[in-house]
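A.B. asks: Quick one: the structure is below, and I'll ask about it shortly.
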RNA sequence: GCCCCCGUGGCGCAAUGGAUAGCGCAACGGCCUUCUAAUCCGUGGGUUGCAGGUUCGAGUCCUGCCGGGGGCGCCA
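In this note's numbering, the protein residues as written are 4 to 562.
Pasting the structure below:
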């Protein structure tokens, strides 16, 4: 019996109580009830707080209400015992057979185990990283890469239709500055004011000159553009290659330039005209503004500056409309804490174009991440030219450990990573702890195969999984779909990692329990209990592999 | 000044309003002829920043304060 099934059993019990008049609920019985794994041993297999939540509505006290539910539940199939504890919790013990059956169900579901339909029908765009193509990706981008990719993965697992999108800011002042910086480096001139520094600029300039020797002889102006475009292409390619290596794959790379292209449907120009028609724009001091204060922003925002240049916000508005026009009913933006000032204007902008931002827009603000080596912070400074790049991080830490280490913390938690700690190849490193547990299931299954054991099919006797540790493991495995669904709904993929650590721990404890051996010992024959436990190991392998897969981390068969 | 995030053992962090607040590191002590010891078992370590409030129940929600980070440009 899964938690969801148990929830249904409890709902049925409540319905029966209402039907026979034992209790009166003004709103009727709830359609689902909360069922959780108690933290404390001795509180049963599952606990529910329905009595605490419904007693007042039913005009009685929690314990009296609980008594009625208890009697009803005890008569239900698959329930072994029900206790009332504390203020009115119902602690439920499930029959071993009903519970053990879950293991076989997990094996049958296979790679699909953990997926659900809770977000079915939703079309979601997840935009993340969106770095300028003017430099290498660094530590901050790395965190958003992991979070964005994982949010996309859990949303998909929950049934949503998802597109991962990278918005390329390939237009405007920064690009020109980038071109000028490359040009200066190639010509041996000093870097322009506020220009790009760092060794990578000189390296890039050298590559460009090697590929296009004639570039330095181009006329002034033309030369800058040539450097800009060549640098753009190289830098973008590098970002794309590195993200591919990092197991983060985008569906759409959207160029800001497209939004300004002549004849592009939904261009910035058209967008502004549309907003003007709706009366959300006004002119002041020679600039064109959007009246975002009508929708809760701190101040109105400029779209066209006095000098005639469009602001990024103008592009952002057209881009948002473009996403909506492509059919996304939900747009997720993943921004760094240094961009949180954007939230107000994005929401107001969505309202200006006629949307309800609470429904269509989800701006997630990720907190900053620091990284330490030998007790010292590796500082990111473009000015000083010292940048902790994604490439360096992958080289030094490895893709699995790097992804996992960033995946196991919530986005709004400021984070300090220690390189020594996350690269340590031992059990105290969570990524290897989980991977090791998976590898262990693989070895066990291989050993079982060598002994001629195979999955029992219809002969599976779930009631043989009757040890306390068996039950703990089955219940841990049974949580997986709920964890994935909540990770999707809350946009909190770190829950997957935490869950896997917990489950790996339960599995390891089970493994070390003599009474729960899967393989027959010595010359013992293979008994039905051995086969039942083989099912359990298969189910564990399924959950660990599916969970690691959701994190984009490999699930090795041997370590 | 205003806005956002954070404050939980020495350190890094979990905990969807539930019961006795967990995990890893660091410290100390145990178990390998038996399915992988990268596992497991045990010991010590906490007034969840402070003060109120809501609730049957608060680390979690509300108010105020203290401390840290970030943001408040016709820059990105």
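Built from N, CA and C at the ideal position, the CB exists for glycine as well.
1. Would you mind stating whether residue 169 and residue 127 have Cβ atoms separated by less than 8 Å?
2. Could you give the DSSP three-state label for residue 77: helix, strand or coil?
3. Look up residue 167 in the DSSP assignment and give the residues it is bridged to.
4. Leaving out five residues on either side along the sequence, give the residues of the same chain with a beta carbon under 7 Å from the beta carbon of residue 490.
5. For residue 114, which residues from the same chain have a beta carbon less than 7 Å from its beta carbon, with the 5 sequence-adjacent residues on both sides left out?
6. Alpha carbons only, please: which of 246, 378, 460, 80 is nearest the one belonging to residue 108?
7. List the DSSP bridge partners of residue 336.
8. With distances taken Cα to Cα, identify the nearest neighbour of residue 321 among 258, 381, 308, 373.
9. Excluding the 5 residues flanking residue 183 on each side, which residues of the same chain have their C-beta closer than 7 Å to its C-beta?
10. With DSSP as the reference, please indicate the residues paired to residue 85 in a beta bridge.
11. Which of the three DSSP states is assigned to residue 492 in this structure?
12. Kindly indicate which residue of 419, 10, 558, 501 has the alpha-carbon position closest to the one of residue 35.
13. Who does residue 304 pair with in a DSSP beta bridge?
14. With a 10 Å radius around its C-beta and 16 neighbouring C-beta atoms as the bar for buried, classify residue 256 as buried or exposed.
15. Is residue 116 helix, strand or coil when you go by DSSP?
16. Is the separation between the beta-carbon of residue 55 and that of residue 33 shorter than 8 Å?
17. Using the Cα positions of residue 206 and residue 372, report the straight-line distance between them to the nearest angstrom.
18. Can you check which of these residues, 407, 487, 492, 275, is closest to residue 558 by C-alpha distance?
19. If you draw a straight line from the C-alpha of residue 492 to the C-alpha of residue 304, how long is it?
20. Please report the straight-line C-alpha distance between residue 60 and residue 274, rounded to a whole angstrom.
21. Which of the three DSSP states is assigned to residue 238 in this structure?
22. Can you give me the start and stop residues for the alpha helix (DSSP H) that residue 427 sits inside?
C.D. replies: The short version:
1. Residue mapping note: residue 169 aligns to position 166 of the first chain, counting from 1. Residue mapping note: residue 127 aligns to position 124 of the first chain, counting from 1. With contacts defined by Cβ atoms closer than 8 Å, residue 169 and residue 127 do not form a contacting pair.
2. In the first chain, the residue the question calls residue 77 occupies position 74. In the displayed model, residue 77 falls within a helix according to three-state DSSP.
3. As a position in the first chain, residue 167 is number 164, starting the count at 1. In the DSSP secondary-structure assignment, residue 167 is bridged to 129.
4. Position 487 of the first chain holds residue 490. 157, 496, 498, 499, listed in sequence order.
5. By one-based count along the first chain, residue 114 stands at place 111. Only residues of its own chain outside the window of five on either side were considered, and among them 549 have a CB closer than 7 Å to the CB of residue 114, listed in chain order.
6. In the first chain, residue 108 corresponds to position 105, counting from 1. Considering only alpha carbons, the answer is 460.
7. In the first chain, residue 336 corresponds to position 333, counting from 1. 130, 366, per the DSSP bridge assignment.
8. Translated into positions along the first chain, residue 321 becomes position 318. It is 258.
9. Counting from one through the first chain, the residue named residue 183 turns up at place 180. Counting only Cβ-Cβ distances below 7 Å, and skipping sequence neighbours, we find 195, 198, 227.
10. As a working note, residue 85 is residue 82 in the first chain. Answer is 95.
11. Taking the first chain and counting its residues from 1, one reaches residue 492 at position 489. In this structure, residue 492 counts as helix in the three-state DSSP scheme.
12. For this step, residue 35 is matched to residue 32 along the first chain. Residue 35 has its Cα closest to that of 10, out of 419, 10, 558, 501.
13. Locating residue 304 in the first chain gives position 301, where the first residue counts as 1. DSSP lists 293 as partners of residue 304.
14. For the purposes of this step, residue 256 is taken as residue 253 along the first chain, with counting starting at 1. Result: exposed.
15. In the first chain, counting from the first residue as 1, residue 116 sits at position 113. If DSSP states are grouped into helix, strand and coil, residue 116 belongs with coil.
16. Taking the first residue of the first chain as position 1, residue 55 is located at position 52. Taking the first residue of the first chain as position 1, residue 33 is located at position 30. No.
17. Against the first chain, residue 206 aligns to sequence position 203. Against the first chain, residue 372 aligns to sequence position 369. Approximately 27 Å between the Cα atoms of the pair.
18. Position 555 of the first chain holds residue 558. Nearest of 407, 487, 492, 275 to residue 558, Cα basis: 407.
19. Along the first chain, one-based indexing puts residue 492 at 489. Along the first chain, one-based indexing puts residue 304 at 301. Approximately 32 Å, taken between the alpha carbons.
20. By 1-based counting over the first chain, the position of residue 60 is 57. By 1-based counting over the first chain, the position of residue 274 is 271. Residue 60 and residue 274: Cα-Cα distance of roughly 52 Å.
21. By 1-based counting over the first chain, the position of residue 238 is 235. Note: residue 238 maps to helix in three-state DSSP.
22. Locating residue 427 in the first chain gives position 424, where the first residue counts as 1. For residue 427, there is no enclosing alpha helix (DSSP H), as DSSP marks it with neither H nor E.
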